[in-house]
Structures are given as C-alpha cells and as structure tokens.
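In our numbering, the protein residues as written are 2 to 432.
Step one of this worksheet: look at the structure below.
Pasting the structure below:
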C-alpha cells in the first residue's frame with residue numbers, strides 16, 4: 002500500500018453538517034434550472050394573445066426542451082461518469098444560462114425555440130449530474146431524505162415561477178419581462194456550481210469520500226446490463242412525468258379557459274401543486290428511508306394520479322381536491338423512484354443509469370407536450386369551447402393507469418428471487 006493510499010484511508014468521513022452544506026449548494030443550480038423550465042407556463046396565454054402562437058406552437062416551445070435529450074442526456078450521463086460531478090455541473094449550468102438568455106432574445110418562434118433547445122441540452126444533463134452527486138454523498142445514509150431536500154429546493158424554483166403572476170404581477174404586461182426574470186434565476190446555475198466545486202475540492206483534500214467507482218471504464222454496453230427492475234422504474238418514470246409536466250404546460254391556460262380563473266388564481270393553484278411536493282417529497286423520503294416498501298409506495302402514488310384529470314374535466318368538484326391528490330403523488334413517487342436506482346445500479350455506472358433514465362423520460366416529455374398541444378387544437382380547446390380540453394385530460398388519465406401497471410410489475414419483481422431489496426432496505430439495514 003502506498004503512502005498516498007494509507008493517508009486516504011486515515012482521513013475522516015465528512016461531518017453530517019458538511020454533507021448537508023454540500024447538498025444545499027449542489028441544489029442551487031437545480032433551483033435556477035427549475036425556475037427557467039417553468040417560466041413558460043404563466044405566459045402561455047400571453048404568447049397566444051401577443052405573439053399569436055397556437056397551442057401546438059406553445060407545446061413545441063416547451064417540448065423542444067426535451068428533444069435534444071432523447072440522445073444528449075445519455076451522453077451527459079457518460080460525461081458525468083468521465084469528468085466527475087463538479088466539472089459536469091459547471092458545464093451544464095453554463096449551458097442553462099446561455100439557453101435562457103437566447104429564449105428572450107427575439108419574439109420569433111424559431112429564436113425562442115432555439116433558446117429552449119439549448120437550455121434543455123444543459124438542464125437535463127445538469128439534473129443527472131446533481132442527482133449523481135447527491136447519491137455519491139448520501140448513499141447508505143439518508144439517501145431518500147437527501148433526494149427529497151434536493152427536490153424541495155429545486156421545486157421552490159418551480160413554485161416561484163408558477164406564482165410569479167402574483168409576486169411579479171407588473172411583469173405580465175408583456176411576454177418578455179417574465180423571461181428576463183428567468184435569465185436572472187438562470188445565473189444561479191453557475192453560481193451554485195462554483196460553490197459546489199469549491200466544497201468538493203476541499204473535501205477531496207480533507208475527507209475520505211469513499212470509492213468513486215471505475216469511471217474510466219464506463220462503456221455504452223453497460224446499459225444492457227441493467228436489470229428488469231431498473232427498466233420497470235424507467236417505464237414508470239416516463240409515464241409519470243409525461244402525465245405531470247405536459248399538464249403543467251397548459252394548466253394555467255386550462256384553468257382560465259375551462260374554469261374561469263384569473264392568471265393569478267391559476268398560477269396560485271398550480272403553485273399549490275408544487276408546494277405539496279416541496280414539503281412532501283423530503284417527508285416521504287425520510288419515511289421511505291425508515292420503512293422501505295418502495296415499489297408499494299410507487300403503486301399508491303400512481304393510483305392517486307389516475308382520477309385527478311377526469312375530476313377536473315368532467316366534474317364541478319373544487320379544484321383544490323384533484324390538485325391536492327396530484328400533489329401527494331408528485332411528492333411521493335420522485336422521493337422513492339430516483340433513490341431506488343442507486344440501490345439497483347453500481348456507483349461506477351450511476352451517471353449512465355440516470356442519464357439513460359432521463360433520456361427516455363425526455364422522449365415522453367417531448368412527445369406528450371406536442372401531443373397535448375395538438376389535442377387541444379384538434380378539439381378546439383378555448384374559453385368558448387372548454388370541452389376541447391377533455392381529450393388531453395383523457396390521455397393523462399391513461400398514462401396514470403399504465404404507471405400503476407409498471408409499479409405493480411416492479412413490486413412483483415422485487416418480492417421475487419431477483420429483487421434488490423427495494424421493499425426491505427432501510428437506513429438502518431443499509432448502514
């Protein structure tokens with residue numbers, strides 16, 4: 002054993018306070034990222050009125066964010082495994098800022114869509130890098146709770162974007178001003194990345210961070226070695242997020258046209274969904290760390306999601322009820338789903354696994370943003386014909402049903418001889 006290896010073994014583990022400090026700063030880029038992603042939703046009606054965009058064009062503007070990630074986010078996962086999390090986070094955070102700035106540069110669809118495309122190239126790979134960093138620092142410790150806190154900070158960005166018609170009401174006289182505010186939030190993607198770089202560089206010199214894995218041996222064929230449980234989680238991922246984010250794209254416009262709410266009321270209602278996830282995700286993460294039962298909890302979350310869209314489309318029930326149900330599902334499933342991958346895939350391939358999962362997720366996000374925009378236009382969805390939104394709501398409900406099916410298949414797999422302990426691993430047993 003060399004003196005360098007001996008010195009590394011004699012280093013202390015990072016303190017709990019240091020780990021949580023790292024978690025905060027690695028979450029700051031996610032906060033800026035999520036704000037920029039959701040800044041389109043509150044201006045959907047302004048894009049329609051002031052720039053004469055159709056719902057199909059608005060769906061394309063949001064969906065094109067996901068288009069490059071059908072391929073590039075997998076490359077991003079490889080990059081994370083090759084160059085390390087701190088370099089990757091700074092690289093992808095810089096792309097997020099450039100994309101946000103380009104989106105507001107001109108009122109033409111081609112320019113704005115180009116900006117969203119560049120932003121998407123950085124944003125999803127940034128999420129992969131941050132997710133890998135959290136797994137690196139918390140695996141075998143408070144992993145699900147740490148993921149929950151990370152998502153809580155990230156979704157604070159979503160909450161601020163969705164409620165911006167309230168706290169920045171004066172900005173909504175024009176479509177441009179809200180996007181300029183988003184550029185300021187995008188700067189946090191770079192600021193947080195620099196802070197995380199400094200903290201991890203200090204930790205590399207002072208602490209034993211454990212084996213990072215043979216990152217120089219990651220090859221494309223690794224993706225064929227992931228087990229069936231991983232693929233069930235991936236299927237649930239694409240179905241679940243395709244039922245949530247494309248809904249959010251048109252939610253405020255839907256609330257205005259179909260339920261007669263103001264933009265401020267619609268933004269507040271949609272922000273309530275995010276508020277549920279901000280506080281519910283870390284709570285559920287702490288809960289699952291202690292009890293396990295991950296596949297069972299994903300089944301429950303999927304079940305909650307199935308009726309909410311039909312309730313909003315076909316009943317006069319207070320919108321708070323279906324949005325609260327959606328909020329619980331949106332808090333629960335990510336708190337369980339993303340950390341579960343870290344127990345199925347080895348650390349040395351984790352960036353690749355998250356990259357592949359996010360790549361497939363983005364196929365759904367791109368496809369369903371465009372599909373729902375088309376469905377709204379095809380059915381004539383508008384304030385004069387609110388029933389035109391019903392087709393899209395039916396599509397979302399089917400996605401929830403399919404999500405329940407794959408969560409069930411995951412549970413059956415994990416209860417059998419090829420399980421990875423998703424139903425049994427707890428903080429105590431993983432330590």
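The beta-carbon is built from N, C-alpha and C at its ideal position, and this holds for glycine as well.
Values in this document were obtained by computation on a predicted structure and should not be read as measured data.
Would the beta-carbon of residue i fall within 8 angstroms of that of residue j?
{"i": "residue 234", "j": "residue 29", "result": "no"}
{"i": "residue 305", "j": "residue 326", "result": "yes"}
{"i": "residue 425", "j": "residue 336", "result": "no"}
{"i": "residue 197", "j": "residue 118", "result": "no"}
{"i": "residue 356", "j": "residue 78", "result": "yes"}
{"i": "residue 148", "j": "residue 340", "result": "yes"}
{"i": "residue 200", "j": "residue 23", "result": "yes"}
{"i": "residue 145", "j": "residue 289", "result": "yes"}
{"i": "residue 81", "j": "residue 133", "result": "yes"}
{"i": "residue 411", "j": "residue 279", "result": "no"}
{"i": "residue 342", "j": "residue 332", "result": "no"}
{"i": "residue 270", "j": "residue 320", "result": "yes"}
{"i": "residue 37", "j": "residue 102", "result": "no"}
{"i": "residue 95", "j": "residue 120", "result": "no"}
{"i": "residue 382", "j": "residue 396", "result": "no"}
{"i": "residue 176", "j": "residue 51", "result": "yes"}
{"i": "residue 109", "j": "residue 268", "result": "no"}
{"i": "residue 295", "j": "residue 406", "result": "no"}
{"i": "residue 159", "j": "residue 35", "result": "yes"}
Sort the options by Cα distance to residue i and report the nearest one.
{"i": "residue 252", "options": "42, 308, 425, 333", "result": "42"}
{"i": "residue 161", "options": "276, 146, 99, 150", "result": "276"}
{"i": "residue 89", "options": "108, 111, 127, 238", "result": "127"}
{"i": "residue 26", "options": "37, 352, 47, 151", "result": "151"}
{"i": "residue 76", "options": "313, 129, 239", "result": "129"}
{"i": "residue 16", "options": "142, 418, 61, 155", "result": "142"}
{"i": "residue 97", "options": "125, 84, 113, 295", "result": "125"}
{"i": "residue 237", "options": "258, 302, 174", "result": "302"}
{"i": "residue 309", "options": "102, 284, 245", "result": "245"}
{"i": "residue 1", "options": "260, 93, 61", "result": "Here the chain comprises residues numbered 2 to 432, so residue 1 is not present and cannot be evaluated."}
{"i": "residue 180", "options": "45, 86, 18", "result": "45"}
{"i": "residue 365", "options": "313, 68, 266", "result": "68"}
{"i": "residue 427", "options": "363, 256, 344, 92", "result": "344"}
{"i": "residue 316", "options": "391, 19, 408, 139", "result": "391"}
By the three-class DSSP mapping on this structure, what secondary structure does residue i have?
{"i": "residue 420", "result": "coil"}
{"i": "residue 97", "result": "helix"}
{"i": "residue 164", "result": "coil"}
{"i": "residue 206", "result": "helix"}
{"i": "residue 12", "result": "coil"}
{"i": "residue 432", "result": "Its pLDDT being 47, under 50, residue 432 is placed unreliably by the model, and nothing is read from it."}
{"i": "residue 50", "result": "helix"}
{"i": "residue 154", "result": "helix"}
{"i": "residue 42", "result": "helix"}
{"i": "residue 182", "result": "helix"}
{"i": "residue 226", "result": "helix"}
{"i": "residue 201", "result": "helix"}
Would you say the beta carbon of residue i is closer than 7 angstroms to some non-hydrogen atom of the ligand GTP?
{"i": "residue 73", "result": "Ligands displayed in this structure: none; no statement on the ligand GTP is therefore possible."}
Considering residue i, what are the terminal residues of the alpha helix (DSSP H) in which it resides?
{"i": "residue 309", "result": "309 to 315"}
{"i": "residue 250", "result": "229 to 260"}
{"i": "residue 64", "result": "56 to 64"}
{"i": "residue 355", "result": "351 to 379"}
{"i": "residue 339", "result": "321 to 345"}
{"i": "residue 137", "result": "110 to 139"}
{"i": "residue 272", "result": "264 to 292"}
{"i": "residue 172", "result": "Unbroken run through residue 172: none, as it is neither H nor E."}
{"i": "residue 395", "result": "391 to 415"}
{"i": "residue 302", "result": "295 to 306"}
What whole-angstrom Cβ distance do residue i and residue j have, given they're in contact under 8 angstroms?
{"i": "residue 328", "j": "residue 273", "result": "7 angstroms"}
{"i": "residue 100", "j": "residue 123", "result": "6 angstroms"}
{"i": "residue 136", "j": "residue 416", "result": "Incorrect: roughly 24 angstroms between the Cβ atoms, too far for contact."}
{"i": "residue 404", "j": "residue 229", "result": "With 8 angstroms as the limit, residue 404 and residue 229 do not qualify as a contact, their Cβ atoms being about 17 angstroms apart."}
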